[in-house]
Amino acid sequence: MSETVPVPHGLPMERDASPFDPPRRITRLRETRPVSPLVFPDGHEGWLVTGYDAVRRLMADTRFSSRQDIGVLHLPYETPGMPDPTEPSPQVPGLFIAMDPPDHSRLRRKLTGAFTVKRMKQLEAHIGDIVERQLDELARLTPPVDLVKEFALPVPSLVICELLGVPYEDRGNFQENSAKFMEKEVTLEEKMAAYGAITTYLAELVTRKRAEPGEDILSDLARQDDLGIEELVGIAFLLLLAGHETTASMLSLGTFALLEHPEQLAELRADPDLLPDAVEELLRYLSVVDTFYRYATEDIELCGETIAEGSTVVVSLLAANHDPDRFDDADTLDVHRKARGHLAFGHGVHQCLGQQLARIEMRAGFEGLLRRFPTLELAVPAGEVKLKTDMNIYGVHALPVTWTETAR
2 MSETVPVPHG LPMERDASPF DPPRRITRLR ETRPVSPLVF PDGHEGWLVT
52 GYDAVRRLMA DTRFSSRQDI GVLHLPYETP GMPDPTEPSP QVPGLFIAMD
102 PPDHSRLRRK LTGAFTVKRM KQLEAHIGDI VERQLDELAR LTPPVDLVKE
152 FALPVPSLVI CELLGVPYED RGNFQENSAK FMEKEVTLEE KMAAYGAITT
202 YLAELVTRKR AEPGEDILSD LARQDDLGIE ELVGIAFLLL LAGHETTASM
252 LSLGTFALLE HPEQLAELRA DPDLLPDAVE ELLRYLSVVD TFYRYATEDI
302 ELCGETIAEG STVVVSLLAA NHDPDRFDDA DTLDVHRKAR GHLAFGHGVH
352 QCLGQQLARI EMRAGFEGLL RRFPTLELAV PAGEVKLKTD MNIYGVHALP
402 VTWTETAR
């Protein structure tokens with residue numbers, strides 16, 4: 002090691018270099034000890050994994066469990082109003098992201114047909130139409146406007162509502178409560194109230210679909226007798242939450258990043274064929290779903306370190322995606338980069354099921370936005386853009402933008 006970095010107490014979350022780079026303390030840890038000890042706020046000792054190879058290896062190893070009901074999850078940051086848990090959390094039916102095989106495999110298999118590359122390709126034109134309609138609405142507004150409210154959030158919300166069979170007019174319920182659920186610094190009571198509001202709504206919805214199924218993913222699942230209502234609710238909650246929050250953050254934060262890198266934006270405008278690579282690069286560069294947690298079910302050797310059975314392990318996808326051992330000049334946004342192999346969608350059995358859908362939405366969203374608004378720019382200084390440092394999915398709370406002309 003070139004230098005000794007103190008063992009961090011709590012996960013260093015402050016993005017002190019720029020809104021887009023990993024915190025400097027995490028970068029230093031990755032450079033010196035990519036699998037590093039971590040002391041949690043309650044004094045429990047765990048691990049922080051930041052190197053690309055180490056993260057990829059860990060996420061492919063099912064001995065690192067995703068279940069929260071077999072060990073205590075020690076939160077790596079202080080959460081006011083939420084005491085550190087002292088007992089395992091009960092497993093939530095249907096929430097397969099927090100399950101291991103074979104339970105995870107059984108539920109995920111039921112959804113693979115709905116999210117195949119072929120089926121997503123068939124939706125591409127329809128998603129393009131949704132994007133164009135939302136851009137029409139945006140163009141009718143008088144700037145400045147909030148791009149999150151008027152474009153980045155409506156597009157994935159419309160798409161996931163159609164796919165799942167959730168009435169779009171009910172979006173206020175799940176958007177408001179999912180945002181509250183994803184906040185870090187809220188009390189356990191507030192978090193559970195938001196979760197309860199969403200799941201109560203979804204229970205009524207899937208019960209109706211079981212009685213009168215339609216042509217949508219939730220109806221297809223409701224037709225399967227081996228899935229109970231609680232499991233259907235858990236699956237619906239996961240798909241609805243992941244299906245709009247993450248893509249909305251990528252569309253808004255990605256636009257912010259491009260506006261802050263005008264030379265990259267100019268190259269993308271000049272050559273729209275760069276868009277597929279640019280989307281992969283933005284996914285790598287921004288890594289809006291930054292942190293995952295795993296639980297060691299036995300003593301495991303990882304990159305020269307022994308992680309003891311029972312240890313809580315924090316995984317930083319952002320740090321891994323900025324690892325210079327994997328990506329040259331990794332802290333630089335480069336729309337020409339071939340960023341395949343990034344870990345923005347995770348890796349292993351839990352790799353994001355909806356990643357092809359997200360890619361299509363982002364390609365359509367960025368292509369349409371840059372084409373229709375050639376003079377798009379921030380309406381406030383970059384330093385005034387409110388970042389989602391208080392959320393479990395990174396992004397911006399609002400992105401005020403303006404323009405002087407629009408195009409078709």
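First residue of the sequence shown: 2, per our numbering; consecutive thereafter.
Using N, Cα and C, we set each Cβ at its ideal position, and we do this for glycine too.
Following the DSSP letters along the chain, one finds L400 in no beta strand (DSSP E), marked with neither H nor E. Inside the segment 232-310, DSSP marks whole beta strand (DSSP E) runs of 3 or more residues at positions 292-297, 301-303, 306-308, from first to last along the chain. For T201, the enclosing alpha helix (DSSP H) starts and ends at 189-212. With three or more CB-CB distances shorter than 8 Å, the segment 23-41 counts as touching the segment 315-323.
When Cβ pairs closer than 8 Å are counted between the two stretches, the segment 291-311 is seen to touch the segment 34-51, the count reaching three or more.
Proximity of the segment 111-125 to the segment 338-352 falls short of the contact definition, fewer than three beta-carbon pairs being nearer than 8 Å. At the C-beta level, G129 and V314 stay beyond 8 Å of one another. By the neighbour-count definition (other C-beta atoms within 10 Å, threshold 16), Y395 is a buried residue.
Closest by C-alpha distance to M251, out of R64, L189, A279, R270, is A279. Residues of the same chain with a CB within less than 7 Å of the CB of M392, apart from the 5 flanking positions on each side, are M183, E184, K185 in chain order. Residue pairing from DSSP places T313 in a beta bridge opposite Y296. Taking G52 as reference, the option from T403, T376, D326 with the minimal CA-CA separation is D326. The C-alpha of D226 is placed about 46 Å away from the C-alpha of A258. With respect to the 8 Å criterion, L242 and L287 are not classified as neighbours on the basis of their beta carbons.
Note on geometry: alpha-carbon atoms of L275 and V336 lie some 7 Å from one another.
With 16 or more other CB atoms across the displayed protein chains lying within 10 angstroms of its CB, S158 is buried. DSSP, reduced to helix, strand and coil, places M392 within a strand of the structure shown. In the structure shown, the three-state DSSP call for F175 is helix.
Looking at the DSSP output, P38 bridges to W48.
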